[in-house]
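S.K.:
Protein chains in written order, with the numbering used here: chain A, 7 to 245; chain B, 5 to 63.
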C-alpha cells in the first residue's frame, strides 16, 4: 500500500510490469481471436453472427470492471487523500470509456441482424449509454480546472455517485423487460453456454483485462510524470 | 478462407465489430504511449536544465 502511494516507486513498478502486461495481452489476444474467429462453432440459431459476442461481451464486462476500479480508486483518494489513487482513476477513465463505446458499437452491429434494429431505448442499452456519459463527465471534470487537485476531487465524487449505475446495468435485464438477453455466464446455477463458446469468451476477457492493466500502467506513469513536470515548472516560476 | 471472410452472410456485421475493437484499442494504446514519451522527454529536459543551474534540485 505504501509503495503504491509513493509516486517514484509507482513509476518504477509501472515500468517493470507494463512490458509483462504487453506480452500477456499480445499472446492472449492472438489466442482469443483464433478461438473466436476460427476454432469455435457457429451458433445453431444465430449462425456466424454469434462471433460478435466474443468482443461485445468482454468489452461490456470491462466497461463495468473499469468503472468499478475507477470508483474504488476514487474512494481511496477521497478517504485517505492518496494522490496516486486519484491518478489511477484518471488513468482508467479513458480505457473504460473506450470499452463502453465498443460495447455499444458492437452491440449495435449484433442487434441489427438479430433484433432487426441498431438501437432500442430499453433499460440495458440506455443504462450503458449513461455509463458512457459518466466516463465522459469524469474525464471532462478531471481536466476542467486549472488546479488539477480541485478537478480530481470533483471527478472522484462524480465517479462515486455514478457507481449506482453499475448494479443497475448488471440487473437491468432481470428488473425490466428488454430485448437484451439475460446473463448467461455470471449467473446462479453456472454458465448456460457451451464450453466451445465459453472458452473464446473467457480468453478474450483475459486479453482485455491484460490490455487494461498495460495501458493503465502506461497512463498512470504518464500522469505521475506530468505531475512532476508541473511541480518543477511551478517551483521555477515562483523560485 | 472464403467461408471465413463470408461469415455465413454476416460479414458486414462481424468484421466491422472486430475491426472497431482493434482500431479503438490500438488507437488508445498509441495515444497513451505517445503521451508518456512526450512527458518523459519533457521531464528529462527540465532535469537537464535544473542540473545546469546550481541550487536547483531537479525532481
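In this text, a Cβ means the ideal position worked out from N, Cα and C, and glycines have one as well.
Hey, is residue 53 of chain B close to the ligand SAM, as in C-beta under 6 Å from one of its heavy atoms?
M.R.: Among the ligands in the structure shown, none appear at all, so the ligand SAM cannot be discussed.
S.K.: Looking at residue 35 of chain B: is its Cβ nearer than 7 Å to the Cβ of residue 228 of chain A?
M.R.: Taking 7 Å as the Cβ cut-off, residue 35 of chain B and residue 228 of chain A do not qualify as a contacting pair.
S.K.: Of the residues that make up the stretch 34–53 of chain B, which ones have a beta carbon closer than 7 Å to any beta carbon in chain A?
M.R.: For the stretch 34–53 of chain B, which is checked against every Cβ of chain A, the residues closer than 7 Å are 36, 37, 39, 40, 43, 44, 46, 47 and 50.
S.K.: I'd like to know whether the C-beta of residue 9 of chain B is nearer than 7 Å to at least one C-beta of chain A.
M.R.: Residue 9 of chain B does not count as touching chain A.
S.K.: Classify residue 180 of chain A as helix, strand or coil using the three-state DSSP reduction.
M.R.: The answer is helix: DSSP assigns residue 180 of chain A an H, G or I state.
S.K.: Among the candidates A:159, A:198 and A:120, whose CA atom is the shortest distance from the CA of residue 83 of chain A?
M.R.: Here the closest residue by C-alpha is A:159.
S.K.: For the pair the stretch 29–45 of chain A and the stretch 231–239 of chain A, tell me if three or more CB-CB distances fall below 8 Å.
M.R.: Segments in contact, no.
S.K.: In chain B, which residues lie less than 9 Å from residue 111 of chain A when you measure between Cβ atoms?
M.R.: Near residue 111 of chain A (Cβ distances below 9 Å), the residues of chain B are 20, 21, 24, 25 and 28.
S.K.: Any C-beta of chain B within less than 8 Å: which residues of the stretch 62–77 of chain A qualify?
M.R.: Hits within the stretch, in order: 62 and 65.
S.K.: Examine the Cβ distances between the stretch 90–103 of chain A and the stretch 44–63 of chain A and report whether three or more of them are shorter than 8 Å.
M.R.: With the cut-off at 8 Å, the stretch 90–103 of chain A and the stretch 44–63 of chain A do not touch.
S.K.: If you compare alpha carbons, which of A:216, A:164, A:9 and A:68 is closest to residue 103 of chain A?
M.R.: The option with the nearest alpha carbon to residue 103 of chain A is A:68.
S.K.: Hey, could you find the ends of the alpha helix (DSSP H) residue 244 of chain A is sitting in?
M.R.: Per DSSP, residue 244 of chain A belongs to the alpha helix (DSSP H) from 201–244.
S.K.: Could you check the C-alpha separation between residue 99 of chain A and residue 145 of chain A for me, to the nearest Å?
M.R.: One C-alpha to the other measures close to 7 Å.
S.K.: Grab me the residues of residue 153 of chain A's own chain with a C-beta within less than 6 Å of its C-beta, minus the 5 sequence neighbours each way, in chain order.
M.R.: Cβ within range, chain order: n/a, list empty.
S.K.: Do you know offhand how far residue 50 of chain A's Cα is from residue 37 of chain B's?
M.R.: Roughly 42 Å separates the two Cα atoms.
S.K.: Tell me which same chain residues have a C-beta within less than 8 Å of the C-beta of residue 23 of chain A, skipping the five on either side of it?
M.R.: Same-chain partners within the cutoff: 219 and 223.
S.K.: Tell me, to the nearest whole angstrom, how far the beta carbon of residue 76 of chain A is from that of residue 165 of chain A; I am working on the premise that it is less than 8 Å.
M.R.: Confirmed, Cβ separation roughly 5 Å.
S.K.: Any idea if residue 12 of chain A is buried or exposed, counting beta-carbon neighbours within 10 angstroms, 16 or more meaning buried?
M.R.: Answer is exposed; the Cβ neighbour count stays below 16.
S.K.: Quick one: what does DSSP say residue 122 of chain A is sitting in, helix, strand or coil?
M.R.: Here residue 122 of chain A sits in coil by DSSP.
S.K.: Decide if residue 257 of chain A is buried, meaning its Cβ has at least 16 other Cβ atoms within 10 Å, or exposed.
M.R.: It is not possible to answer for residue 257 of chain A, since the shown part of chain A is limited to 7 through 245.
S.K.: Got a sec: is the Cβ-Cβ distance from residue 221 of chain A to anything in chain B below 7 Å?
M.R.: Cβ-Cβ to chain B under 7 Å: yes for residue 221 of chain A.
S.K.: Considering just the uninterrupted stretch of the alpha helix (DSSP H) at residue 26 of chain B, what are its terminal residues?
M.R.: 15–56 is the extent of the alpha helix (DSSP H) around residue 26 of chain B.
S.K.: Hey, out of A:235, A:150, A:241 and A:240, whose CA is closest to residue 42 of chain B's CA?
M.R.: Ranking A:235, A:150, A:241 and A:240 by Cα distance to residue 42 of chain B puts A:235 first.
S.K.: Assign residue 11 of chain B to one of two classes, buried (16 or more other C-beta atoms within 10 Å of its C-beta) or exposed (fewer than that).
M.R.: So residue 11 of chain B ends up on the buried side.
S.K.: Suppose contacts are defined by Cβ-Cβ distances below 7 Å. Is residue 133 of chain A in contact with residue 174 of chain A by that definition?
M.R.: Taking 7 Å as the Cβ cut-off, residue 133 of chain A and residue 174 of chain A qualify as a contacting pair.
S.K.: In whole angstroms, what is the alpha-carbon distance linking residue 108 of chain A and residue 30 of chain B?
M.R.: Going by the C-alpha atoms only, they are around 12 Å apart.
S.K.: Tell me whether the beta-carbon of residue 184 of chain A lies closer than 7 Å to the beta-carbon of residue 130 of chain A.
M.R.: In contact: residue 184 of chain A and residue 130 of chain A (Cβ atoms closer than 7 Å).
S.K.: May I have a chain-ordered list of the alpha helix (DSSP H) segments no shorter than 4 residues that lie completely inside the stretch 104–180 of chain A?
M.R.: Correct list: 129–148 and 154–168.
S.K.: I'd like to know if residue 92 of chain A contacts chain B, where contact means its C-beta is closer than 7 Å to some C-beta of that chain.
M.R.: Answer no: the Cβ-Cβ gap between residue 92 of chain A and chain B never drops below 7 Å.
S.K.: Quick check on DSSP: helix, strand or coil for residue 53 of chain A?
M.R.: In this structure, residue 53 of chain A counts as strand in the three-state DSSP scheme.
S.K.: Using only the alpha-carbon positions, how far apart do residue 55 of chain A and residue 45 of chain A sit?
M.R.: Computed Cα separation, rounded: 15 Å.
S.K.: With 7 Å as the threshold, decide whether the Cβ of residue 55 of chain A is near any Cβ in chain B.
M.R.: For residue 55 of chain A, the answer is yes, since a Cβ of chain B falls inside 7 Å of its Cβ.
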